[in-house]
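Visitor: Mind looking over this structure? Questions follow.
Residue numbers (full-length UniProt numbering): 1 to 209.
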């Protein structure tokens, strides 16, 4: 049985004891997931099961994209275990969201990143965001303009500037995430950006980025 396998480990090697004595940072990704699983099965340890899940998901960083049905496809993973894993992922996302620093003034690219990281973490679809800025480069607001598929989103220049005008923006920044993990801008991205930039100049609400 898997429980006897875990008990056969040296005390310092058992995930729960390692966590208590050395802290969470001492555990591998597999051991952390194993703690969430609690048990494996008759022929698979909780650690081995965790290893299979992480391998199938493409690593811990991609676990947020690994849905309930994919988790349930693994032997010995029932709905209770799948929900616990997804709940842990959501807790991590919310901690990141609430702890991310906010930016009052936008001066450098990192400021934009700090504003939008909360919204893009864990997103599995492309999401177009608009940042409205005043005449002193101070942040006014951020708004979701559209949400598309995993590799594209629908861009409406009219909606972008309608929001910008409503916020009394002096200038704007638009950005979207890349759930496909390909950061290279597509031809459509380039063309749409040029169009929005041209419209922004005409409306005296320039596009900064």
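No residue lacks a Cβ here, since even glycine has one placed at the ideal position from N, Cα and C.
Here the structure is a predicted model, which is why all the values come from computation and not from measurement.
#1: Considering just the uninterrupted stretch of the beta strand (DSSP E) at residue 143, what are its terminal residues?
#2: For the beta strand (DSSP E) that contains residue 175, what are its first and last residues?
#3: Could you give the uninterrupted runs of the alpha helix (DSSP H) lying entirely in the stretch 52 to 85, keeping only those of 4 residues or more?
#4: Whole angstroms is fine: what's the gap from residue 128's alpha carbon to residue 55's?
#5: Give a single yes or no on whether residue 204 has its beta carbon closer than 6 Å to a heavy atom of the ligand FAD.
#6: Following the continuous beta strand (DSSP E) through residue 132, name the residue where it begins and the one where it ends.
#7: Give me the Cβ distance between residue 121 and residue 93, rounded to the nearest whole Å; I'm assuming they're in contact under 8 Å.
#8: Taking the alpha-carbon of residue 176 as reference, which of 125, 63, 162, 198 has the nearest alpha-carbon?
#9: So, helix, strand or coil for residue 200, using DSSP?
#10: What three-state label does DSSP hand residue 4 in the structure shown?
#11: Within the same chain, show all residues whose beta-carbon is closer than 7 Å to that of residue 50, passing over the 5 residues directly before and after it, in chain order.
#12: Using only the alpha-carbon positions, how far apart do residue 189 and residue 155 sit?
#13: So what does DSSP say about residue 44, is it helix, strand or coil?
#14: On the criterion of 16 or more Cβ atoms from any shown chain inside 10 Å, does residue 202 qualify as buried, or is it exposed?
#15: Below 6 Å CB to CB, which residues in the same chain sit around residue 4 once its five sequence neighbours on both sides are set aside?
#16: To the nearest whole angstrom, what separates the beta carbons of residue 208 and residue 173, a pair I think is in contact under 8 Å?
#17: In this structure, how does DSSP classify residue 207 when only helix, strand and coil are distinguished?
#18: May I have the straight-line CA-CA distance separating residue 167 from residue 65, to the nearest angstrom?
#19: How would you call residue 40, buried or exposed, if buried means at least 16 neighbouring beta carbons within 10 angstroms?
#20: Under 7 Å Cβ to Cβ from residue 86, same chain only, skipping five residues before and after it: list those, please.
#21: Quick one: using the 10 Å Cβ neighbour count with 16 as the cut-off for buried, is residue 63 buried or exposed?
Guide: Answer, in terms of the structure:
#1: As a position in the chain shown, residue 143 is number 143, starting the count at 1. Residues 139 to 147.
#2: Residue mapping note: residue 175 aligns to position 175 of the chain shown, counting from 1. Element bounds for residue 175: 171 to 176.
#3: If one requires a minimum length of 4 residues, the alpha helix (DSSP H) runs lying completely within the stretch 52 to 85 are 68 to 72, in chain order.
#4: What you label residue 128 is simply residue 128 of the chain shown in a count that begins at 1. What you label residue 55 is simply residue 55 of the chain shown in a count that begins at 1. Approximately 30 Å, taken between the alpha carbons.
#5: With respect to small molecules bound, the structure shown includes none, and the ligand FAD cannot be examined in it.
#6: Here residue 132 corresponds to residue number 132 of the chain shown, with the count starting at 1. Here the beta strand (DSSP E) through residue 132 covers 127 to 133.
#7: Here residue 121 corresponds to residue number 121 of the chain shown, with the count starting at 1. Here residue 93 corresponds to residue number 93 of the chain shown, with the count starting at 1. Their Cβ separation, rounded to whole angstroms, is 6 Å, which keeps residue 121 and residue 93 in contact under 8 Å.
#8: As a first step, residue 176 must be located in the chain shown, where it is residue number 176. Considering only 125, 63, 162, 198, the residue with the shortest C-alpha distance to residue 176 is 125.
#9: Numbered from 1 along the chain shown, position 200 holds the residue referred to as residue 200. In the three-state reduction of the DSSP assignment, residue 200 falls in the helix class.
#10: Counted from its first residue, the chain shown places residue 4 at position 4. Residue confidence is low: residue 4 scores 43 on pLDDT, short of 50, so the model does not pin down where it sits. No coordinate-derived value is stated.
#11: Taking the chain shown and counting its residues from 1, one reaches residue 50 at position 50. Correct list, in chain order: 30, 33, 34, 37.
#12: On the chain shown, position 189 is the one that residue 189 refers to. On the chain shown, position 155 is the one that residue 155 refers to. Cα to Cα, residue 189 sits roughly 9 Å from residue 155.
#13: Position 44 of the chain shown, counted from the start, is the residue given in the question as residue 44. Residue 44 falls in the strand class under three-state DSSP.
#14: For this step, residue 202 is matched to residue 202 along the chain shown. By the C-beta density criterion, residue 202 is exposed, having fewer than 16 other C-beta atoms within 10 angstroms.
#15: One-based indexing of the chain shown puts residue 4 at position 4. Residue placement at residue 4 is poorly supported in this model, since its pLDDT is 43, which falls under 50; the coordinates are not used for a value here.
#16: Residue 208 sits at position 208 when you count from the first residue of the chain shown. Residue 173 sits at position 173 when you count from the first residue of the chain shown. Sure, about 5 Å apart at Cβ, within 8 Å.
#17: Residue 207 sits at position 207 when you count from the first residue of the chain shown. The three-state secondary structure of residue 207, taken from DSSP, is strand.
#18: Locating residue 167 in the chain shown gives position 167, where the first residue counts as 1. Locating residue 65 in the chain shown gives position 65, where the first residue counts as 1. For residue 167 and residue 65, the distance between alpha carbons rounds to 33 Å.
#19: The sequence position of residue 40 within the chain shown is 40, counting from 1. Buried, by the Cβ-count rule.
#20: For the purposes of this step, residue 86 is taken as the residue at position 86 of the chain shown. Closer than 7 Å at Cβ, skipping near neighbours: 68.
#21: Sequence index remark: in the chain shown, residue 63 carries index 63 (1-based). Residue 63 comes out buried.
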